[in-house]
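In mature numbering (1 follows the signal peptide of the UniProt record, and there is no 0), the protein residues as written are -22 to -1, 1 to 223.
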Amino acid sequence: MELKVVCLLTLLGVLFVEPGFGQRGDIEMNEWLKDKVEFIKTLEEKLKEVEGRQNGFDALETKLNATVDEVTRQKAEMDKLKKENEGLQTRLNATEEEVDKLKQNSAKGGPQIAFSASLANFGEIYKGPCTDKALIFKRVFSNTGNGYDPNTGIFTAPVNGLYFLSFSTYGYNTHVMGAILMKNGVSQISTYDDPSTDGSDSSSNAVVLQLDGGDKVYMELWDDGRVFDNMNGHTTFSGFLVFPA
């Protein structure tokens, strides 16, 4: 609108300074005024066209901003999935190492003891916060030697020896995420993550423990802790006898 006013004022200035203005005949003056009116109309149409294009540019800018926001959201989601996949790959590599050790132990002879289980045997499970902090891993993948009890979540060492024990935990940012590996009621190792803004977290840990026959090993939540699991097996507990000792 400001541009339109400036142009019209400029045109009026041209009208009053043009040589011979006021000295022409009536017919010539009428033609001259008619030309100027047509010029003004043309100028107004051009101004409307410019304003229309400006509105189109504004709408395009709005769409571009919305597209940038969507791309940013999708990138954040991809980063989250990438982090989860990295955690799963780490656990897969650890499992492969456990299998290799089992094969080596089997080749040497002696007791064959191994177990592996995840928290959820169907649907989804959010465990905690709760008074009974023991984690019971219901979905049993293997239980050679029957040392693991899926009703209590406790692994009882069948024989004296060195045992490799590992676990993984997964949870969301609303509660403390992680768990504690217990031996006969005493904490051994753990995973831990404070509530945060990154949506979800996963972690894992492992240890080799000297166990006597009858020693009990199990997992507990932290105070105000919570973990999550579904049929993808995010929260797991595994172990095997490295060798009798």
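Built from N, CA and C at the ideal position, the CB exists for glycine as well. Remember, predicted model here, so these are calculated numbers, not experimental data.
For this session: Say whether chain B places a C-beta atom closer than 7 Å to the C-beta of F206.
Result: The structure shown contains no chain B; it holds only a single protein chain.
For this session: Please name the residue or residues paired with G149 in a DSSP beta bridge.
Result: If you number the sequence shown from 1, residue 149 lands on position 171. Bridge partners of G149: D179.
Problem set entry | Contact the stretch 128 to 146 vs the stretch 193 to 213: 3+ CB pairs below 8 Å | yes
Problem set entry | A72 beta carbon near the ligand FMN (any heavy atom closer than 6 Å) | Questions concerning the ligand FMN fall outside what the structure shown contains, since it holds no ligand whatsoever.
Problem set entry | Beta-carbon proximity check, A77 vs L143, cutoff 7 Å | By one-based count along the sequence shown, residue 77 stands at place 99. By one-based count along the sequence shown, residue 143 stands at place 165. Here the sequence assigns Val to residue 77, which means Ala is not the residue at that position. It is not a contact, given that the beta carbons lie outside the stated cut-off.
For this session: Name the two residues that bound the continuous beta strand (DSSP E) containing I158.
Result: For the purposes of this step, residue 158 is taken as the residue at position 180 of the sequence shown. I158 -> beta strand (DSSP E) spans M155 to K161.
Problem set entry | Proximal residues to N63 (C-beta, below 8 Å), its chain only, five neighbours per side dropped | Here residue 63 refers to the residue found at position 85 when the sequence shown is read from its first residue. There are no such residues.
For this session: Check whether the Cβ atoms of V118 and A98 sit closer than 7 Å, and answer yes or no.
Result: In the sequence shown, counting from the first residue as 1, residue 118 sits at position 140. In the sequence shown, counting from the first residue as 1, residue 98 sits at position 120. Not a contact, by the Cβ cut-off of 7 Å.
Exercise. Roughly how many angstroms separate the alpha carbons of S181 and T213, rounded to a whole number?
Worked result: Translated into positions along the sequence shown, residue 181 becomes position 203. Translated into positions along the sequence shown, residue 213 becomes position 235. Roughly 9 Å separates the two Cα atoms.
For this session: Return the chain-ordered list of same chain residues with a C-beta closer than 6 Å to the C-beta of S146, the five sequence neighbours on each side being excluded.
Result: Working through the sequence shown from its first residue, we reach residue 146 at position 168. Hits under 6 Å: R69, S182 and T214.
For this session: Enumerate in chain order the residues of its own chain whose CB-to-CB distance from G177 is below 8 Å, with the five nearest sequence positions on each side excluded.
Result: Looking up residue 177 in the sequence shown gives position 199. Taken in chain order, the residues that qualify are K58, Y150 and N151.
Exercise. The beta strand (DSSP E) spanning E198 covers which residue range?
Worked result: Position 220 of the sequence shown, counting from 1, holds the residue named residue 198. That run of the beta strand (DSSP E) goes K194 to L199.
Problem set entry | Buried or exposed by the 16-neighbour rule on C-beta atoms within 10 Å, applied to E198 | Within the sequence shown, residue 198 is the residue found at index 220, counting from 1. So E198 counts as buried.
For this session: Work out the CA separation of L42 and G(-1) for me, nearest whole Å.
Result: Position 22 of the sequence shown holds residue -1. Position 64 of the sequence shown holds residue 42. The predicted model places G(-1) with a pLDDT of 49, which falls under 50 and marks its position as unreliable; any figure quoted below should be read in that light. So the alpha carbons of these two residues sit roughly 55 Å apart.
For this session: Could you pull the start and end residues of the beta strand (DSSP E) that G217 belongs to?
Result: Taking the first residue of the sequence shown as position 1, residue 217 is located at position 239. T214 to P222 is the span of the beta strand (DSSP E), which, as asked, contains G217.
Problem set entry | Simplified DSSP assignment, three categories, for residue 225 | The structure shown does not extend to residue 225, since the chain spans only -22 to 223, so no value can be given for it.
Problem set entry | Cα-Cα separation, L187 to A157 | In the sequence shown, the residue the question calls residue 187 occupies position 209. In the sequence shown, the residue the question calls residue 157 occupies position 179. About 17 Å.
Exercise. Taking just the CA atoms, how far does M7 sit from L25?
Worked result: If you number the sequence shown from 1, residue 25 lands on position 47. If you number the sequence shown from 1, residue 7 lands on position 29. For L25 and M7, the distance between alpha carbons rounds to 27 Å.
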